[in-house]
Amino acid sequence: MANRISKAIRGVFGAVALASLAATGAVGPVAAGSDGGIAPFISTQNTRTIKGERYIPGISISPDGCEIWVMDDGVEGYAVSRMTPDGRPVCRDINVCGTLNTDQYFATDKYNIWPKSRGRLEEFFRNASAFGFIIVGHTDARASDEYNRRLSYNRANAVASVAQSVGARIIDVRGYGESYPVATNRTVEGMAKNRRVEILCVR
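Residue numbers (mature numbering (1 follows the signal peptide of the UniProt record, and there is no 0)): -22 to -1, 1 to 181.
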């Protein structure tokens, strides 16, 4: 399990670092279900750091957990390591601090969070003592890989929207679909375990 988490986290940070250095402005995944109303989050999977004509810098996290100042001017991406006054890199500890069984938060093939579950998420993000959060969605192996990636991203984005609504800092949102199962997809029980959203705390 530790190896699976490590691979998934490396995947997240690898994507963060690449997007920081070469942001493309690509359009992120579209709605996987028939729901609506969730605005896309600015992430490495839906990269766009331009608002009108104003270029907005931000902080990203490198694969080793260190902070990077990044800015995308629409033509070229810039990234500079964030340092302390005495020249040391500013680095963070990162761990999986929450796992949501998506069956308890979303209807089948949907990505709107049930109102009865939203309060629990709001309480979690209000009480978690973290610099920021990385939200990662996963699915079982049913449906196509492309569909599963869209659905897992949209669900992770819905969780990120709840976090932002209570003032939590979201560093990145990713949807891995069926790529990182924690159980077999050959049984009903295994598939239920694979349908999840992981919250990574950056401290």
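For every residue, glycine included, the Cβ atom is placed at its ideal position computed from N, Cα and C.
In this text, all values refer to a predicted model and were calculated from it rather than measured experimentally.
Exercise. Which ranges would you report for the beta strand (DSSP E) in the segment 60 to 105 if only whole runs of at least 3 residues count?
Worked result: Segments of the beta strand (DSSP E) lying fully in the segment 60 to 105: 72 to 79.
Exercise. If R127 and G153 are in contact, beta carbons under 8 Å, what's the gap, nearest whole angstrom?
Worked result: For the purposes of this step, residue 127 is taken as residue 149 along the sequence shown, with counting starting at 1. For the purposes of this step, residue 153 is taken as residue 175 along the sequence shown, with counting starting at 1. Here R127 really is in contact with G153; their C-beta atoms are around 5 Å apart, less than 8 Å.
For this session: Let me know if N135 comes out buried or exposed under the rule of 16 or more other beta-carbons within 10 Å of its beta-carbon.
Result: Residue 135 sits at position 157 when you count from the first residue of the sequence shown. Buried, because 16 or more other Cβ atoms sit within 10 Å of the Cβ of N135.
For this session: With DSSP collapsed to three states, give me the class of D123.
Result: For the purposes of this step, residue 123 is taken as residue 145 along the sequence shown, with counting starting at 1. Correct three-state label for D123: helix.
For this session: Can you tell me the Cβ-Cβ gap for R70 and E45, rounded? I've got them flagged as a contact below 8 Å.
Result: Your numbering for residue 70 matches position 92 in the sequence shown. Your numbering for residue 45 matches position 67 in the sequence shown. About 7 Å separates the two Cβ atoms, so the contact holds.
For this session: Let me know the secondary structure DSSP gives S157 once reduced to three states.
Result: Position 179 of the sequence shown, counted from the first residue, corresponds to residue 157. Three-state DSSP puts S157 in coil, outside helix and strand.
For this session: With V144 as the anchor, note down where its beta strand (DSSP E) starts and where it stops.
Result: Start at 1 with the first residue of the sequence shown, and residue 144 comes out as number 166. Careful: V144 lies outside any beta strand (DSSP E) and carries neither H nor E.
Exercise. Does the count of Cβ pairs from the segment 155 to 169 and the segment 113 to 130 closer than 8 Å reach three?
Worked result: Contact annotation: the segment 155 to 169 touches the segment 113 to 130, with at least three C-beta pairs closer than 8 Å.
For this session: For T106, I'd like the list of residues in its chain whose CB is within less than 7 Å of its CB, leaving aside the five on either flank, ordered along the chain.
Result: By 1-based counting over the sequence shown, the position of residue 106 is 128. One point to set straight first is that residue 106 is Ala, not Thr, in the sequence displayed. The beta carbon of A106 lies closer than 7 Å to those of C75 and C179 in the same chain, with the five residues before and after it left out.
Problem set entry | Selection from S143, K171 and D150 that minimises the alpha carbon distance to H116 | One-based indexing of the sequence shown puts residue 116 at position 138. Out of S143, K171 and D150, K171 has the C-alpha closest to the C-alpha of H116.
Exercise. Relative to the alpha-carbon of F103, which residue among V48, G36 and S139 has its alpha-carbon at the smallest distance?
Worked result: Sequence index remark: in the sequence shown, residue 103 carries index 125 (1-based). For the set V48, G36 and S139, the Cα lying nearest the Cα of F103 is the one of S139.
Exercise. Rounded C-beta distance between D87 and R173? I'm assuming under 8 Å.
Worked result: Residue 87 sits at position 109 when you count from the first residue of the sequence shown. Residue 173 sits at position 195 when you count from the first residue of the sequence shown. The pair is not a contact, with the Cβ atoms about 11 Å apart (cut-off 8 Å).
Exercise. Taking the continuous alpha helix (DSSP H) assigned at G168, which residues delimit it?
Worked result: Mapped onto the sequence shown, residue 168 falls at position 190. Segment V166 to N172, the alpha helix (DSSP H) holding G168.
Problem set entry | DSSP three-state assignment for A108, whether helix, strand or coil | Walking along the sequence shown from the start, residue 108 turns up at place 130. It is coil, neither helix nor strand.
For this session: May I ask you to list the residues that DSSP assigns as paired with L178?
Result: Counted from its first residue, the sequence shown places residue 178 at position 200. Bridge pairing for L178: V74 and I112 [DSSP].
Exercise. By the 10 Å Cβ neighbour count, where 16 or more other Cβ atoms means buried, how is N132 classified, buried or exposed?
Worked result: For this step, residue 132 is matched to residue 154 along the sequence shown. Within a 10 Å sphere around the beta-carbon of N132 sit 16 or more other beta-carbons, which makes this residue buried.
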